[in-house]
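Input: a single structure, listed below in structure tokens.
Numbering (the working numbering), first residue to last: 12 to 114.
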């Protein structure tokens with residue numbers, strides 16, 4: 012046990028442990044920011060799917076309107092540049108699955 016403490020103390024003193032801690036913090040921040048970003052588009056997608064379901068008939072029309080809704084909302088929030096078309100499409104498919112009770 013004392014050897015482990017001495018090793019950690021030595022790593023701290025030569026700067027390796029602080030560098031690893033900084034890398035870990037940066038990585039965690041990236042993960043959290045990415046989750047927050049995706050949560051934004053998922054929330055909007057849920058609203059879009061519900062709105063499209065209530066206002067339009069037919070799957071293709073509903074999906075097109077939901078895509079437009081999400082795009083418009085992301086533009087209003089100045090976040091459209093953060094998402095690819097594939098991410099938006101995946102969010103809508105997830106929202107449809109959730110609405111149908113598959114998720």
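Even glycine gets a Cβ: it sits at the ideal position worked out from N, Cα and C.
Asked: Simplified DSSP state of residue 109, which is helix, strand or coil; Found: helix
Asked: The segment 26-36 / the segment 75-89 touching (three or more Cβ pairs under 8 Å); Found: no
Asked: Any alpha helix (DSSP H) of 4 or more consecutive residues that is wholly inside the segment 15-77; Found: 27-66
Asked: Check whether residue 106 and residue 60 have beta carbons under 7 Å apart; Found: yes
Asked: Chain-order list of residues whose beta-carbon lies under 7 Å from that of residue 62 (same chain, five-residue window excluded); Found: 80
Asked: Option nearest residue 96 by Cα separation, candidates 66, 109 and 75; Found: 75
Asked: Rounded straight-line distance, which links the Cα of residue 12 to that of residue 20; Found: 12 Å
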